[in-house]
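Asker: In my numbering, the protein residues as written are -8 to 250.
Yeah, the Cβ is synthetic: ideal placement off N, Cα and C, and Gly gets one too.
On a predicted model such as this, the values are computed, not experimentally measured, just so you know.
Let me give you the structure first, and then I'll get to my questions.
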């Protein structure tokens, strides 16, 4: 494989994602999400998607766009709250949702990328996470159509732990602050969130980068994600790189002293 992994455009990078594909998507809320890869996939048209992500965007933004177009049929996530349409589809029986503790979700993706088939964790022991019965899908009348199965629980060092299977997806979509042409990536601040484990989980990982540099320009100590996990890099324009939103903005009037 060539060391130059830069694709001509986001549209070209996602062109071969097929119906029924599974996607690991980086970001937390709207922080660090791959805005333009998601938009390119929306235009590309693939459907019946399984999405693994901390959440499913918000109404009208991020993964919420795919959700509104009924392009997602299953979500593995740890949080639903900021997306009303996500909650509505789930409760109406239109969407399968596997809710997973947040740290467990990150580790399931990281373990998948590391080649670890499963791991034991104390998170969820004594709850429906371990004992089963979490509603994954509802009937339209509100009854449970599909529930989570019970998981194996064993004791290690005197502490009970539950077995969690790792996650490997067909594709991963992530956003980096800087990537070199070989796919080595650096993330900025809170955008590190789920981007690294999501990138590791994908068999095909596509990165949209706010800045693309030559190989060697990123100090090895600053590489958060090695290029071995990345197959395609999309260079954003300065205008695209500056496009960043958050779910809620809380401000107070600027005073002369603070100015």
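Taking the runs of the alpha helix (DSSP H) that are 4 residues or longer, which of them lie wholly in the segment 187 to 230?
Answerer: Segments of the alpha helix (DSSP H) lying fully in the segment 187 to 230: there are none.
Asker: Is it buried or exposed for residue 196, if we count other Cβ within 10 angstroms and need 16 for buried?
Answerer: With 16 or more Cβ atoms within 10 Å of its Cβ, residue 196 is classed as buried.
Asker: Between the segment 127 to 147 and the segment 160 to 171, can you find at least three pairs of beta-carbon atoms closer than 8 Å?
Answerer: Result no; under three Cβ-Cβ pairs closer than 8 Å.
Asker: Starting from residue 99, trace the alpha helix (DSSP H) in both directions and tell me its first and last residue.
Answerer: Here the alpha helix (DSSP H) through residue 99 covers 93 to 105.
Asker: So is residue 162 buried or exposed if we call it buried at 16+ other beta carbons inside 10 Å?
Answerer: Per the 10 Å Cβ criterion, buried.
Asker: In the DSSP assignment, find the unbroken alpha helix (DSSP H) run with residue 62 in it and report its ends.
Answerer: First-last for residue 62: undefined, no H or E at that position.
Asker: Let me check understanding here. Comparing Cα to Cα, which of 201, 191, 242 lies closest to residue 103?
Answerer: That would be 191, whose Cα lies nearest to the Cα of residue 103.
Asker: Look up residue 120 in the DSSP assignment and say whether it is helix, strand or coil.
Answerer: Helix.
Asker: Less than 8 Å separating the beta-carbons of residue 28 and residue 48?
Answerer: No, Cβ-Cβ distance for residue 28 and residue 48 is not below 8 Å.
Asker: Give me the residue from 205, 85, 244, 35 with the minimum Cα distance to residue 130.
Answerer: Among 205, 85, 244, 35, the Cα nearest to that of residue 130 belongs to 85.
Asker: Compute the beta-carbon to beta-carbon distance between residue 15 and residue 124, rounded to the nearest angstrom, for a pair I have assumed lies under 8 Å.
Answerer: Going by Cβ atoms, the distance from residue 15 to residue 124 rounds to 26 Å, so no, they are not a contact pair.
Asker: Any idea what DSSP makes of residue 145, helix, strand or coil?
Answerer: In the structure shown, residue 145 sits in a strand (DSSP, three-state: E or B).
Asker: For a test of the three-state rule: what should DSSP assign to residue 73, helix, strand or coil?
Answerer: In the structure shown, residue 73 sits in coil (DSSP, three-state: anything other than H, G, I, E or B).
Asker: Indicate the three-state DSSP secondary structure (helix, strand or coil) for residue -8 in the structure shown.
Answerer: With a pLDDT of 46 at residue -8, under the threshold of 50, the modelled position of this residue cannot be trusted; read the value that follows with caution. Coil, per DSSP.
Asker: Quick test of your reading: residue 184 and residue 18, contact by CB under 8 Å. State the CB separation rounded to the nearest angstrom.
Answerer: Contact flag correct, Cβ pair sits at about 7 Å.
Asker: Which class does residue 27 belong to by DSSP, given the choice of helix, strand or coil?
Answerer: Helix at residue 27.
Asker: Among residues of its own chain, excluding the 5 on either side of residue 234, which ones have a beta-carbon nearer than 7 Å to its beta-carbon?
Answerer: So the list reads 26, once near-sequence residues are dropped.
Asker: In chain order, what residues of the same chain have a beta carbon less than 8 Å from the beta carbon of residue 80, not counting five sequence neighbours either side?
Answerer: For residue 80, where only same-chain residues beyond five positions count, the Cβ hits under 8 Å are 58, 86.
Asker: Measuring straight from C-alpha to C-alpha, what distance separates residue 220 and residue 187?
Answerer: About 10 Å.
Asker: Give me the Cβ distance between residue 12 and residue 40, rounded to the nearest whole Å; I'm assuming they're in contact under 8 Å.
Answerer: With 8 Å as the limit, residue 12 and residue 40 qualify as a contact, their Cβ atoms being about 6 Å apart.
Asker: Given 8 Å as the limit, is there contact between the segment 209 to 226 and the segment 234 to 243, that is, 3 or more CB pairs closer than that?
Answerer: No: fewer than three Cβ pairs fall under 8 Å.
Asker: So residue 224 and residue 5 are in contact, right, with Cβ under 8 Å, and what is the actual spacing, rounded?
Answerer: In fact, because the Cβ distance is near 13 Å, the residues do not count as touching under 8 Å.
Asker: Note down the Cα distance separating residue 157 from residue 246, rounded to an integer number of angstroms.
Answerer: For residue 157 and residue 246, the distance between alpha carbons rounds to 51 Å.
Asker: Looking at the strands, I want to know which residues DSSP matches up with residue 52.
Answerer: DSSP lists 49 as partners of residue 52.
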